[in-house]
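Inspection log for the structure reproduced underneath, given as structure tokens.
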Amino acid sequence: GENVEQHPSTLSVQEGDSAVIKCTYSDSASNYFPWYKQELGKGPQLIIDIRSNVGEKKDQRIAVTLNKTAKHFSLHITETQPEDSAVYFCAASLYTDKLIFGTGTRLQVFP
Amino acid sequence: GAVVSQHPSRVICKSGTSVKIECRSLDFQATTMFWYRQFPKKSLMLMATSNEGSKATYEQGVEKDKFLINHASLTLSTLTVTSAHPEDSSFYICSARGGGINQPQHFGDGTRLSIL
Numbered sequence: 055g056e057n058v059e060q061h062p063s064t065l066s067v068q069e070g071d072s073a074v075i076k077c078t079y080s081d082s083a084s085n086y087f088p089w090y091k092q093e094l095g096k097g098p099q100l101i102i103d104i105r106s107n108v109g110e111k112k113d114q115r116i117a118v119t120l121n122k123t124a125k126h127f128s129l130h131i132t133e134t135q136p137e138d139s140a141v142y143f144c145a146a147s148l149y150t151d152k153l154i155f156g157t158g159t160r161l162q163v164f165p
Numbered sequence: 006g007a008v009v010s011q012h013p014s015r016v017i018c019k020s021g022t023s024v025k026i027e028c029r030s031l032d033f034q035a036t037t038m039f040w041y042r043q044f045p046k047k048s049l050m051l052m053a054t055s056n057e058g059s060k061a062t063y064e065q066g067v068e069k070d071k072f073l074i075n076h077a078s079l080t081l082s083t084l085t086v087t088s089a090h091p092e093d094s095s096f097y098i099c100s101a102r103g104g105g106i107n108q109p110q111h112f113g114d115g116t117r118l119s120i121l
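For the record, the sequence lines run as chains A and B. According to my numbering, the stretch in the first sequence is residues 55 to 165, in order. According to my numbering, the stretch in the second sequence is residues 6 to 121, in order.
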């Protein structure tokens, strides 16, 4: 079955800097890769997703890149703000069924 | 859009009690709902998938008689933890998906279950 690894587990950046979180997946059949932001005591919130027929997708300060050959995808957050502080999860699945989540990255943005 | 409401947000009860958690899609019809479990500072683990009007499909290792799932309508799914014990204490989160297999999953805010 699918296995998703996520790095780093914690990331601290200064406000205004960029943050990058990386994930690798094992099942080449996976074709859907969402990123979720989870704040303390809340459920995950979808922030961006990418499908296997696309190499890059951007939404304002957030971008995701996908390398199907290497089976890895990354989340890029530019101009970070304190409100970006949260736990970020990547996931992989075949279509949008059975999401397999990474282990999470705790992002702290210091003012 | 795509709001998923989960209730209750927190429940504390005695060992042996059965607890029901509701998951509602407020502004869309959820043909499929998913139930996850999350331990402190850990990732989300899929417990089961339910389609409206059908029996839920449970992941390996999840006891279907312990975790009863009902998806009776396109906007409501329930998870009942039967005869709960302290080891069932966890954060339970549902997600809902409208339309087909290309629609994203939207999550509720979870239910923190504590069994004394």
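Don't be surprised by glycine CBs; every beta carbon is placed ideally from N, CA and C. Note that the structure is predicted; figures quoted are calculated from it, not measured.
The beta carbon of A/S84 sits closer than 7 angstroms to the beta carbons of E56, A146, S147, L148 from its chain, once the five residues preceding and following it are set aside; these are given in chain order. The DSSP-derived three-state label of A/E93 is coil. Put simply, the region 70-78 of chain A touches the region 124-132 of chain A. At least three CB pairs are less than 8 angstroms apart. If you compare the alpha carbons of A/E93, A/I116, A/T123, A/G156 with that of A/E133, the shortest gap goes to A/I116. Distances from the alpha-carbon of B/T116 to those of B/R29, B/S59, B/P13, B/P91 put B/P13 closest. Where B/L49 is concerned, the enclosing beta strand (DSSP E) starts and stops at 49-56. Rounded to whole angstroms, B/N107 and B/T62 show a C-alpha spacing of 19 angstroms. For the options B/V9, B/G58, B/T22, the alpha carbon positioned closest to that of B/A89 is the one of B/T22.
At least 8 angstroms separates the beta-carbon of A/V163 from that of A/E93.
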